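In our numbering, the protein residues as written are 2 to 140.
All C-beta atoms in this analysis are idealised placements derived from N, C-alpha and C, irrespective of residue type, glycine included.
What you are looking at is a predicted structure, and each value in this text was computed from that prediction instead of being measured.
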Amino acid sequence: NSMEAQATWRRDIDDEELERIGEQDTWHWWNNFRWAADFNPKIKVVLELSESDRPSLEVVRRWLGEPVEAVIVPSTMFICNRQNYPVLPKAWQEILSYFMRARINVIISSDVHDNSLKLYAEYMLRFQEIHADTHELQA
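And the structure:
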């Protein structure tokens with residue numbers, strides 16, 4: 002159990018604080034759900050990125066070890082470049098590139114009145130071409 006492991010080496014927080022941290026960690030929610038479903042291989046997870054909560058690379062790497070089916074990118078995360086085309090900020094590009102290399106699907110969520118959906122899709126296609134894993138397995 003990761004909480005027990007942390008309790009053995011974390012001396013700066015008490016057990017109550019450690020439990021509170023675990024309750025807020027979405028990976029722990031997923032792990033508990035997966036455990037309750039008896040690790041059914043048909044159950045996969047979809048992650049939604051949030052502008053206000055950019056994950057660390059450690060967190061991204063932990064999720065890459067899970068059966069992630071897709072990542073949802075809200076259209077509000079896009080900014081306009083000099084040519085007035087939507088792009089993702091560099092920090093989010095780095096995070097998304099990890100998922101792209103793992104060949105995880107990307108879903109753009111947007112407001113129904115957002116007229117830029119085609120531009121987001123074109124950007125993501127170019128982004129995928131640049132960041133996709135090009136290694137092929139040899140038989």
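Please confirm whether VAL61 and TYR121 have their CB atoms less than 8 Å apart. no
Quick check: what's the CA-CA separation for PRO68 versus LYS45? 5 Å
Environment of VAL72 [buried if 16+ CB atoms lie within 10 Å]: buried
Extent of the continuous beta strand (DSSP E) to which GLU70 belongs: 69-75
Taking 8 Å as the threshold (C-beta atoms), are ILE96 and ARG63 in contact? no
Return the chain-ordered list of same chain residues with a C-beta closer than 7 Å to the C-beta of HIS132, the five sequence neighbours on each side being excluded. SER98, MET101 and ARG102
Hey, ASN82 and VAL88 are a contact pair by Cβ (cut 8 Å); roughly how many whole angstroms apart? 5 Å
Assigned exposure category for PHE79 - 16 Cβ within 10 Å defines buried: buried
Proximity winner among GLU59, LYS91 and ILE109, relative to LEU126 (alpha-carbon distances): ILE109
Take GLU49 as the anchor and find which of GLN129, THR27 and ALA37 has the nearest alpha-carbon. THR27
How far does the alpha helix (DSSP H) with VAL113 in it reach, from first residue to last? That residue, VAL113, is in no alpha helix (DSSP H); it is neither H nor E in DSSP.
Spell out the partners DSSP gives ASN106 in its beta bridges. ALA71
Close-in-space but distant-in-sequence residues of the same chain around GLU17 (CB under 8 Å, 5 per side omitted): none
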